[in-house]
(Lines of atoms letter the chains of each structure in order from A and count residues from 1; the text may use other names and numbers.)
(Lines give C-alpha, C1' and ligand atoms only; values in the text may rest on other atoms or scores of the structure.)
Protein backbone atom coordinates (compact mmCIF):
# COMPACT_ATOMS: atom_id res chain seq x y z
CA UNK A 1 0.00 0.00 0.00
CA UNK A 2 1.30 3.47 -0.89
CA UNK A 3 0.08 6.95 -0.16
CA UNK A 4 -1.67 8.87 -2.92
CA UNK A 5 0.84 11.15 -4.69
CA UNK A 6 -1.58 14.09 -4.39
CA UNK A 7 -2.57 13.55 -0.75
CA UNK A 8 -0.41 16.38 0.61
CA UNK A 9 -1.26 18.90 -2.10
CA UNK A 10 -5.00 18.14 -1.83
CA UNK A 11 -4.77 18.65 1.94
CA UNK A 12 -2.89 21.96 1.63
CA UNK A 13 -5.37 23.26 -0.97
CA UNK A 14 -8.29 22.26 1.29
CA UNK A 15 -6.78 24.11 4.24
CA UNK A 16 -6.19 27.19 2.07
CA UNK A 17 -9.84 27.12 0.96
CA UNK A 18 -11.13 26.69 4.52
CA UNK A 19 -9.09 29.59 5.87
CA UNK A 20 -9.94 31.90 2.96
CA UNK A 21 -13.66 31.23 3.40
CA UNK A 22 -13.40 31.91 7.15
CA UNK A 23 -11.58 35.22 6.56
CA UNK A 24 -14.27 36.30 4.08
CA UNK A 25 -17.03 35.31 6.50
CA UNK A 26 -15.48 37.27 9.37
CA UNK A 27 -15.17 40.33 7.08
CA UNK A 28 -18.96 40.31 6.82
CA UNK A 29 -19.29 40.23 10.61
CA UNK A 30 -16.52 42.69 11.58
CA UNK A 31 -16.71 46.13 9.95
CA UNK A 32 -13.43 47.17 8.37
CA UNK A 33 -11.85 43.72 8.36
CA UNK A 34 -10.16 43.10 4.98
CA UNK A 35 -11.19 39.43 4.58
CA UNK A 36 -9.27 36.92 2.48
CA UNK A 37 -6.52 38.48 0.37
CA UNK A 38 -7.68 38.96 -3.22
CA UNK A 39 -4.37 38.32 -4.92
CA UNK A 40 -1.79 36.76 -2.58
CA UNK A 41 -3.36 33.50 -1.42
CA UNK A 42 -1.52 30.34 -2.28
CA UNK A 43 0.03 27.05 -1.29
CA UNK A 44 3.78 27.67 -1.25
CA UNK A 45 6.84 25.43 -1.34
CA UNK A 46 8.88 25.63 1.85
CA UNK A 47 8.62 28.51 4.28
CA UNK A 48 6.40 31.34 3.08
CA UNK A 49 8.29 34.35 1.72
CA UNK A 50 6.99 37.68 2.93
CA UNK A 51 6.45 38.93 -0.62
CA UNK A 52 4.17 41.74 0.39
CA UNK A 53 1.40 42.72 2.72
CA UNK A 54 -0.33 45.06 0.31
CA UNK A 55 -2.54 43.62 -2.38
CA UNK A 56 -0.75 44.41 -5.67
CA UNK A 57 -3.91 43.68 -7.65
CA UNK A 58 -5.97 46.53 -6.28
CA UNK A 59 -3.60 48.49 -4.03
CA UNK A 60 -5.69 47.73 -0.95
CA UNK A 61 -4.31 46.22 2.25
CA UNK A 62 -5.62 42.75 1.51
CA UNK A 63 -2.53 40.97 2.77
CA UNK A 64 -1.07 37.56 2.08
CA UNK A 65 -2.40 34.09 2.97
CA UNK A 66 -0.21 31.03 2.50
CA UNK A 67 -0.13 27.37 3.47
CA UNK A 68 3.09 25.35 3.48
CA UNK A 69 4.30 21.95 4.64
CA UNK A 70 6.84 22.13 7.44
CA UNK A 71 7.37 18.39 7.97
CA UNK A 72 6.05 14.88 7.28
CA UNK A 73 6.57 12.03 9.72
CA UNK A 74 5.28 8.56 10.67
CA UNK A 75 2.82 8.27 13.52
CA UNK A 76 0.46 5.71 15.04
CA UNK A 77 -3.29 5.54 15.45
CA UNK A 78 -3.14 5.46 19.25
CA UNK A 79 -0.49 8.19 19.73
CA UNK A 80 -1.24 10.58 16.86
CA UNK A 81 0.47 13.03 16.29
CA UNK A 82 3.47 11.67 18.17
CA UNK A 83 6.31 10.58 15.89
CA UNK A 84 6.59 6.80 15.51
CA UNK A 85 10.17 5.57 15.83
CA UNK A 86 9.47 2.01 14.65
CA UNK A 87 11.63 0.59 11.86
CA UNK A 88 9.72 -0.30 8.71
CA UNK A 89 10.26 -3.14 6.25
CA UNK A 90 11.03 -1.30 3.02
CA UNK A 91 10.60 -4.43 0.88
CA UNK A 92 6.82 -4.41 0.94
CA UNK A 93 6.12 -0.67 0.44
CA UNK A 94 4.22 -0.54 3.70
CA UNK A 95 3.72 2.97 5.10
CA UNK A 96 3.36 3.56 8.85
CA UNK A 97 -0.10 3.19 10.38
CA UNK A 98 -0.54 6.98 10.10
CA UNK A 99 1.44 9.51 8.08
CA UNK A 100 1.28 12.94 9.68
CA UNK A 101 1.73 16.20 7.80
CA UNK A 102 2.45 19.40 9.69
CA UNK A 103 1.16 22.48 7.86
CA UNK A 104 1.79 26.14 8.60
CA UNK A 105 -0.92 28.70 7.80
CA UNK A 106 0.42 32.26 7.55
CA UNK A 107 -1.69 35.42 7.31
CA UNK A 108 0.20 38.70 6.80
CA UNK A 109 -1.19 42.23 6.83
CA UNK A 110 0.37 45.68 6.58
CA UNK A 111 1.87 46.94 9.80
CA UNK A 112 1.66 50.63 10.60
CA UNK A 113 5.03 52.32 10.26
CA UNK A 114 6.59 55.67 10.93
CA UNK A 115 5.51 58.79 9.08
CA UNK A 116 7.72 60.50 6.49
CA UNK A 117 8.89 62.78 9.32
CA UNK A 118 10.00 59.75 11.37
CA UNK A 119 7.15 59.89 13.89
CA UNK A 120 5.95 56.50 15.17
CA UNK A 121 2.49 55.21 14.28
CA UNK A 122 -0.33 56.49 16.45
CA UNK A 123 -1.93 54.36 19.12
CA UNK A 124 -5.12 54.28 17.04
CA UNK A 125 -3.18 52.90 14.03
CA UNK A 126 -1.53 50.30 16.23
CA UNK A 127 -4.87 49.34 17.81
CA UNK A 128 -6.48 48.93 14.36
CA UNK A 129 -3.62 46.68 13.22
CA UNK A 130 -3.84 44.67 16.45
CA UNK A 131 -7.59 44.24 16.00
CA UNK A 132 -7.10 42.91 12.47
CA UNK A 133 -4.42 40.52 13.74
CA UNK A 134 -6.66 39.28 16.57
CA UNK A 135 -9.61 38.73 14.21
CA UNK A 136 -7.34 36.90 11.73
CA UNK A 137 -6.01 34.71 14.55
CA UNK A 138 -9.44 33.49 15.60
CA UNK A 139 -10.68 33.18 12.01
CA UNK A 140 -7.80 30.82 11.19
CA UNK A 141 -8.31 28.90 14.45
CA UNK A 142 -12.06 28.53 13.83
CA UNK A 143 -11.52 27.57 10.18
CA UNK A 144 -9.29 24.68 11.17
CA UNK A 145 -11.58 23.51 13.97
CA UNK A 146 -14.82 23.75 11.99
CA UNK A 147 -13.94 23.23 8.33
CA UNK A 148 -10.89 20.95 8.29
CA UNK A 149 -12.71 17.86 9.65
CA UNK A 150 -15.18 18.09 6.74
CA UNK A 151 -12.44 17.99 4.08
CA UNK A 152 -12.27 14.18 4.20
CA UNK A 153 -14.91 11.56 3.60
CA UNK A 154 -15.97 9.23 6.32
CA UNK A 155 -18.04 9.39 9.45
CA UNK A 156 -15.37 10.97 11.65
CA UNK A 157 -13.83 13.27 9.06
CA UNK A 158 -10.19 14.23 8.96
CA UNK A 159 -8.03 13.60 12.02
CA UNK A 160 -5.86 16.54 13.14
CA UNK A 161 -4.28 18.31 16.09
CA UNK A 162 -3.98 22.07 16.28
CA UNK A 163 -0.51 23.27 17.13
CA UNK A 164 0.85 26.57 18.27
CA UNK A 165 -0.31 29.88 16.87
CA UNK A 166 2.03 32.84 17.18
CA UNK A 167 2.21 36.45 16.10
CA UNK A 168 4.97 37.24 13.60
CA UNK A 169 6.53 40.60 12.78
CA UNK A 170 6.33 43.46 12.41
CA UNK A 171 9.07 43.07 9.84
CA UNK A 172 9.41 44.62 6.42
CA UNK A 173 6.13 46.45 6.89
CA UNK A 174 4.25 43.21 7.61
CA UNK A 175 2.69 41.71 10.72
CA UNK A 176 0.61 38.58 11.05
CA UNK A 177 0.05 35.13 12.48
CA UNK A 178 1.39 31.63 11.89
CA UNK A 179 -0.73 28.64 12.88
CA UNK A 180 0.50 25.05 12.78
CA UNK A 181 -1.76 22.05 12.37
CA UNK A 182 -0.79 18.38 12.13
CA UNK A 183 -3.08 16.27 9.96
CA UNK A 184 -3.30 12.52 9.37
CA UNK A 185 -3.20 11.68 5.68
CA UNK A 186 -6.10 9.69 4.25
CA UNK A 187 -5.96 5.96 3.60
CA UNK A 188 -3.41 4.49 1.23
CA UNK A 189 -3.81 3.34 -2.36
CA UNK A 190 -2.30 0.15 -3.73
CA UNK A 191 1.40 0.39 -4.65
CA UNK A 192 2.26 0.76 -8.29
CA UNK A 193 3.33 -2.52 -9.87
CA UNK A 194 7.05 -3.18 -9.93
CA UNK A 195 8.54 -2.34 -13.31
CA UNK A 196 11.61 -4.01 -14.76
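In this note's numbering, the protein residues as written are -15 to 180. Glycine is no exception: its CB is placed at the ideal position from the N, C-alpha and C atoms. None of these values were measured; they are calculated from a predicted model.
| Item | Value |
| --- | --- |
| Residue -12 (DSSP reduced to helix, strand or coil) | coil |
| Under 8 Å between C-beta atoms of residue 149 and residue 123 | no |
| Neighbourhood of residue 163 by C-beta distance below 6 Å, restricted to the same chain and skipping five residues each side | 89, 124, 149 |
| Meets three-Cβ-pair contact criterion under 8 Å: the segment 26 to 34 and the segment 131 to 150 | no |
| Proximal residues to residue 4 (C-beta, below 7 Å), its chain only, five neighbours per side dropped | 20, 25, 49 |
| Span separating the alpha-carbon of residue 165 from that of residue 128 | 8 Å |
| Alpha helix (DSSP H) runs wholly inside the segment 90 to 171, at least 4 long, in chain order | 107 to 130 |
| Per-residue burial, residue -10 [other beta carbons within 10 Å of its own, 16 or more giving buried] | exposed |
| Where residue -1 falls, given that 16 or more other Cβ within 10 Å makes a residue buried | buried |
| C-alpha gap between residue 152 and residue 85, whole angstroms | 22 Å |
| Range covered by the beta strand (DSSP E) that runs through residue 54 | 48 to 59 |
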